[in-house]
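Just below is one structure, and these are the notes that go with it.
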Amino acid sequence: MIIKSPEEEQGIKEAAKLVSKTLAHLAQLIKPGITGDQLDKAAFEFITDHGAIPAFKGYKGFPASICLSLDHEVVHGIPTRNKVIKENMLVSVDVGVILNGFVGDCAYTFIVGENVDPLKLAVAQTTYEALQRGISNAVSGNRIGDIGFAIEDFVEREKGFYVVRDLVGHGVGKSLHEDPQVPNYGRRGHGKTLKEGLVIAIEPMVNAGTRAVRVLPDRWTIISADKSPSAHYEHMVIVRKGKPEVITSFEEIEKNFPVPFSKSN
Ligand code: MG
């Protein structure tokens, strides 16, 4: 577990701010008819125009600046020209940037259109709230398992949906994926102890019908095994005493793209 210096923390916050702004920029473009490659190009230009590098492009060979995952796609979808945004879609966009050597990583599931399928809406709302539940446990003295437990308990026992277990949140800052892993399931009081200054990405992925996932033949796109709807939200958080510090923001996104459900906090 790497605890960052105040200077490093400042750099990470700048990267977190830029990745949030990138998602807010994309929020203005997400509407029926736009294609994956158009969104990817817009993200690439926005990131490089701000003096940063897209963190995902080339990462383990990933071919694009954003991951674009639609409906039953969970994460890691490739933003191709054949991927067209339509009404009634769950559009998950995950973006990473490297700014002055520091990484920002954030994801948001957009709910497109006015008459969205109630199941899709419920999955998105549950994931959104699950993220908040996880974040509220990112305080010093807690264990990694407390974060996962809070997410899993809410999603599975309270809402009856499924937490994806094959992919997890992670430490972040000097590289995209650092220790510790931050699973979206777990046992209360178990796992590594969270220390003040630890920077983690918390990113619940929730499927409506099963926790099982499959990888498509493109070798990137992860889908729910039963093709039920899936959602994904991700924030970067600094562990603090008593109250975590969330350093990415959905505020700008939601100015253009209001959340179609009531938020609990
Ligand atoms: Mg991440």
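First residue of the sequence shown? That's 448 in this note's numbering, and the numbers climb one at a time after it.
Note that the Cβ used here is the ideal one computed from N, Cα and C, for glycine as well.
In the DSSP assignment, His624 falls outside any alpha helix (DSSP H) and carries neither an H nor an E. Taking a C-beta distance under 8 Å as the contact criterion, Ala648 and Leu537 do not qualify as a contact pair.
Residue side-chain check: Ala648 places its Cβ nearer than 7 Å to a non-hydrogen atom of ligand 1.
The nearest non-hydrogen atom of ligand 1 is less than 7 Å from the C-beta of Asp552. Contact check for Ile685 against Gly644 passes: the beta carbons are separated by less than 8 Å. Within the stretch 543-624, the complete alpha helix (DSSP H) segments of 4 residues or longer fall at 565-582 and 591-599, listed in chain order.
Distance from Val570 to Ala655 at the Cβ level is roughly 5 Å; contact confirmed, criterion being Cβ atoms closer than 8 Å. Rounded to the nearest whole angstrom, the CA to CA distance from Ile449 to Asp564 is 42 Å. Cβ contact annotation for Lys468 (same chain, cutoff 8 Å, sequence separation greater than five): Phe493, His497 and Glu699, in chain order. With a contact defined as Cβ atoms closer than 8 Å, His682 and Cys553 qualify at about 7 Å. Within the DSSP secondary-structure output, Glu492 pairs in no beta bridge.
The beta carbon of Leu546 is closer than 6 Å to those of Glu461, Ala462, Leu465 and Ala499 in its chain, skipping five residues each way along the sequence. The secondary-structure analysis by DSSP pairs Asp541 across a beta bridge with Cys514 and Ala554. Excluding five sequence positions before and after Phe697, the CB atoms of its chain that fall closer than 7 Å to its own CB belong to Tyr555, given in chain order.
Looking at Val542, His519, Gly458 and Leu476, the one whose alpha-carbon comes closest to that of Ser675 is His519.
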